[in-house]
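**Q** In my numbering, the protein residues as written are 965 to 1403.
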């Protein structure tokens, strides 16, 4: 894990938030390559779940919602952790993380009795802070989709089964055990609320479990590092009839990437009761009205990104040297092509390389780099997962050919410069980075 954290800072993937002031615990900023990888991850999720399906609609709800939302959802009553404080060092711990310890794991001091702490961030709207204008930062994106259920029915008239998809920020004021970006107070969720007839819920749940599990495999996660784990009854949330987690084998152990739950008809019934609005679905054929059951695949962007980084991290021995490479899938790689002039002190070479890079940027994500020897430049691009490196050398000025290097095989091929765009487009569209599928 230390190697991943080091790589992320060194190559501009992830930085400690507010580091110049000593940092803010459990908050992280995404650098130039990190934000590209994160956006690629979200884009791939959206493509698979919205663009490539005919039964899912996208939406984007606000972070702030009417306070009654959280009473109806049960968060104000049920969304809490049991925590204990150390009387000596004043650190606070989740009771579940203490695992029956009687003393503080940091200083061996005496612990207080466990107390419930609500996990929602509370703030106030308007200039005066009092209980009448209290408001919360949403702890999940789901409620915005439930609150808009009738709006979707009225505007799009979807037929069951159908779903709503959303990617957005959520906030939970929880104590975290660290583990880099795995558990943070501010995080981004990729959630689907899939509405089905009650009698079809069990089958839909199983279908979504397999569908979401296979999405991770398709993007390169090694199968031996992924598993499904069904929740026991004592683990289920207050709204859930069943839930299965897709877990990844992180360096710190097996942990949840995504949960797929059967939320029953709890949410729509609650919002109907608290709002006084009829949120039942009307079946035109049978003329019946009922509350659909909801299947919810809910995954974290930050957790998924961490899993893909860990899984893609590879150290190889090349001759007498060690090669570090991120073997990210072509959909996720933050940079697709790097253009590297062999001699930066030759203006005709750097100008030729610059023109190639500017041309490639019109079609894909390309970077130009002339800040080191060719060996160092290759290693730098390997570490950020760049799929192809294009080298412009002295011979290029004579034969108008460039050298294209494949990240995974390290094989090099001379290509006519004028054919380079079509060559790379074919590779990036139809083929994997290497000779076999990455991962």
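Glycine included, C-beta positions come from ideal geometry on N, C-alpha and C.
All values reported here derive from a predicted model rather than from experimental measurement.
#1: Counting C-beta neighbours from all protein chains within 10 Å, is the total for residue 1158 16 or more, i.e. buried, or is it exposed?
#2: If you follow the alpha helix (DSSP H) that residue 1362 is part of, which residue opens it and which one closes it?
#3: Count the other C-beta atoms from every protein chain shown that fall within 10 angstroms of the C-beta of residue 1032, then say buried if there are 16 or more, exposed otherwise.
#4: Look at residue 1206 and residue 1226 and say whether their C-beta atoms are less than 8 angstroms apart.
#5: From residue 1346 to residue 1290, what distance separates their C-alpha atoms?
#6: Quick one, are the C-beta atoms of residue 1299 and residue 1350 less than 8 angstroms apart?
#7: Helix, strand or coil: how does DSSP classify residue 1059 here?
#8: For a test of the three-state rule: what should DSSP assign to residue 1145, helix, strand or coil?
#9: Go ahead and pull the three-state DSSP assignment for residue 1160.
#10: Between which residues of its own chain and residue 1160 is the CB-CB distance below 8 angstroms, once the five residues before and five after are set aside?
#11: Excluding the 5 residues preceding and the 5 following residue 992 in the sequence, name in chain order all residues of the same chain whose CB lies nearer than 6 angstroms to its CB.
#12: Could you pull out every residue in the same chain whose Cβ sits closer than 8 angstroms to the Cβ of residue 1021, ignoring the five residues on either side in sequence?
#13: Buried or exposed for residue 1039, going by 16 or more other Cβ atoms inside 10 Å?
#14: If you follow the alpha helix (DSSP H) that residue 1323 is part of, which residue opens it and which one closes it?
#15: Go ahead and pull the three-state DSSP assignment for residue 1168.
#16: DSSP on residue 1041, reduced to helix/strand/coil?
#17: Entirely within the region 1071 to 1157 and at least 4 residues each: give me those alpha helix (DSSP H) ranges in chain order.
#18: Between which two residues does the alpha helix (DSSP H) carrying residue 1203 extend?
#19: Helix or strand or just coil, what does DSSP make of residue 1177?
#20: Taking all protein chains shown into account, do 16 or more other C-beta atoms lie within 10 angstroms of the C-beta of residue 1405, making it buried, or fewer, making it exposed?
#21: According to DSSP, is residue 1330 helix, strand or coil?
#22: Out of 1292, 1308, 1199 and 1331, which one is the CA nearest neighbour of residue 1001?
#23: Assign residue 1397 to one of three DSSP states: helix, strand, or coil.
#24: Going along the chain, which residues of its own chain have a beta-carbon closer than 7 angstroms to the beta-carbon of residue 1076, five neighbours each way excluded?
#25: Run through the DSSP bridge pairs and tell me what residue 1262 is partnered with.
#26: Return the CA-CA distance between residue 1223 and residue 1071, expressed in angstroms with no decimal places.
#27: For residue 990, tell me which candidate among 1319, 1133, 1074 and 1150 has the shortest Cα-Cα distance.
#28: Need the endpoints of the beta strand (DSSP E) that residue 1021 sits in, please.
#29: Rounded to a whole number of angstroms, what is the C-alpha to C-alpha distance between residue 1277 and residue 1288?
#30: Nearest CA to the CA of residue 1322: which residue from 1302, 1009 and 984?
#31: Give me the Cβ distance between residue 1172 and residue 1261, rounded to the nearest whole Å; I'm assuming they're in contact under 8 angstroms.
#32: Kindly indicate the opening and closing residues of the alpha helix (DSSP H) around residue 1343.
#33: If you count every other CB in all the chains shown that lies within 10 Å of the CB of residue 968, and 16 or more means buried, which is it?
#34: Under a three-way DSSP split, which group does residue 1217 fall into?
#35: Is DSSP giving residue 978 helix, strand or coil here?
#36: At the level of alpha carbons, what is the spacing between residue 1154 and residue 1135?
**A** Per the coordinate set shown:
#1: Mapped onto the chain shown, residue 1158 falls at position 194. That one is buried.
#2: In the chain shown, the residue the question calls residue 1362 occupies position 398. Unbroken alpha helix (DSSP H) run through residue 1362: 1358 to 1363.
#3: Within the chain shown, the letter at position 68 stands for residue 1032. Around the beta carbon of residue 1032, fewer than 16 other beta carbons lie within 10 angstroms, which makes this residue exposed.
#4: Numbered from 1 along the chain shown, position 242 holds the residue referred to as residue 1206. Numbered from 1 along the chain shown, position 262 holds the residue referred to as residue 1226. Closer than 8 angstroms, so yes.
#5: Mapped onto the chain shown, residue 1346 falls at position 382. Mapped onto the chain shown, residue 1290 falls at position 326. Roughly 6 angstroms between the two C-alpha positions.
#6: The count along the chain shown starts at 1 and reaches residue 1299 at position 335. The count along the chain shown starts at 1 and reaches residue 1350 at position 386. Yes, they are a contact pair.
#7: Along the chain shown, read from residue 1 onward, the residue named residue 1059 stands at position 95. Residue 1059: helix per DSSP, three-state reduction.
#8: Within the chain shown, residue 1145 is the residue found at index 181, counting from 1. In this structure, residue 1145 counts as coil in the three-state DSSP scheme.
#9: Stepping through the chain shown from its first residue, residue 1160 is reached at position 196. In the structure shown, residue 1160 adopts extended strand secondary structure according to DSSP, grouped into three states.
#10: If you number the chain shown from 1, residue 1160 lands on position 196. Around residue 1160: 1124, 1125, 1168, 1256, 1257, 1258 and 1259.
#11: Locating residue 992 in the chain shown gives position 28, where the first residue counts as 1. Excluding residues within five positions, the ones whose Cβ falls inside 6 angstroms are 978, 981 and 1145.
#12: If you number the chain shown from 1, residue 1021 lands on position 57. The answer, listed in chain order, is 1014, 1116, 1120, 1122, 1126, 1127, 1128 and 1129.
#13: As a position in the chain shown, residue 1039 is number 75, starting the count at 1. Buried.
#14: For the purposes of this step, residue 1323 is taken as residue 359 along the chain shown, with counting starting at 1. Segment 1311 to 1324, the alpha helix (DSSP H) holding residue 1323.
#15: Position 204 of the chain shown, counting from 1, holds the residue named residue 1168. In the structure shown, residue 1168 sits in a helix (DSSP, three-state: H, G or I).
#16: Indexing the chain shown from 1 puts residue 1041 at position 77. Note: residue 1041 maps to helix in three-state DSSP.
#17: 1106 to 1111 and 1113 to 1120
#18: In the chain shown, counting from the first residue as 1, residue 1203 sits at position 239. Neither: residue 1203 is in no alpha helix (DSSP H) and is coded neither H nor E.
#19: Residue 1177 sits at position 213 when you count from the first residue of the chain shown. Three-state result, residue 1177: helix.
#20: The requested residue 1405 does not occur in the structure, where the chain is confined to residues 965 to 1403.
#21: As a working mapping, residue 1330 is identified with position 366 in the chain shown. Strand, per DSSP.
#22: Stepping through the chain shown from its first residue, residue 1001 is reached at position 37. With distances taken between Cα atoms, residue 1001 lies closest to 1292.
#23: Taking the chain shown and counting its residues from 1, one reaches residue 1397 at position 433. Interpretation of residue 1397 is limited by its pLDDT of 44, a score under 50 that renders its predicted location unreliable; the figure taken from the coordinates is listed afterwards. Residue 1397: coil per DSSP, three-state reduction.
#24: Your numbering for residue 1076 matches position 112 in the chain shown. Cβ neighbours of residue 1076 beyond the five flanking positions: 1048, 1049 and 1051.
#25: Position 298 of the chain shown, counting from 1, holds the residue named residue 1262. Paired residue(s): 1155 and 1223.
#26: Within the chain shown, the letter at position 259 stands for residue 1223. Within the chain shown, the letter at position 107 stands for residue 1071. Distance between the alpha carbons of residue 1223 and residue 1071: 35 angstroms.
#27: Residue 990 sits at position 26 when you count from the first residue of the chain shown. When each option's Cα is compared against that of residue 990, the closest is 1150.
#28: For this step, residue 1021 is matched to residue 57 along the chain shown. Unbroken beta strand (DSSP E) run through residue 1021: 1020 to 1022.
#29: By 1-based counting over the chain shown, the position of residue 1277 is 313. By 1-based counting over the chain shown, the position of residue 1288 is 324. Cα to Cα, residue 1277 sits roughly 7 angstroms from residue 1288.
#30: By one-based count along the chain shown, residue 1322 stands at place 358. If we check each option's Cα against that of residue 1322, 1302 comes out closest.
#31: Indexing the chain shown from 1 puts residue 1172 at position 208. Indexing the chain shown from 1 puts residue 1261 at position 297. At roughly 5 angstroms, the Cβ-Cβ gap stays under 8 angstroms, so residue 1172 and residue 1261 are in contact.
#32: Mapped onto the chain shown, residue 1343 falls at position 379. 1338 to 1348 is the extent of the alpha helix (DSSP H) around residue 1343.
#33: Locating residue 968 in the chain shown gives position 4, where the first residue counts as 1. Counting Cβ neighbours within 10 Å, residue 968 comes out buried, since at least 16 surround it.
#34: Stepping through the chain shown from its first residue, residue 1217 is reached at position 253. Residue 1217: strand per DSSP, three-state reduction.
#35: As a first step, residue 978 must be located in the chain shown, where it is residue number 14. It is a strand residue.
#36: Taking the chain shown and counting its residues from 1, the one referred to as residue 1154 is at position 190. Taking the chain shown and counting its residues from 1, the one referred to as residue 1135 is at position 171. Rounded to whole angstroms, residue 1154 to residue 1135 spans 14 angstroms at the Cα level.
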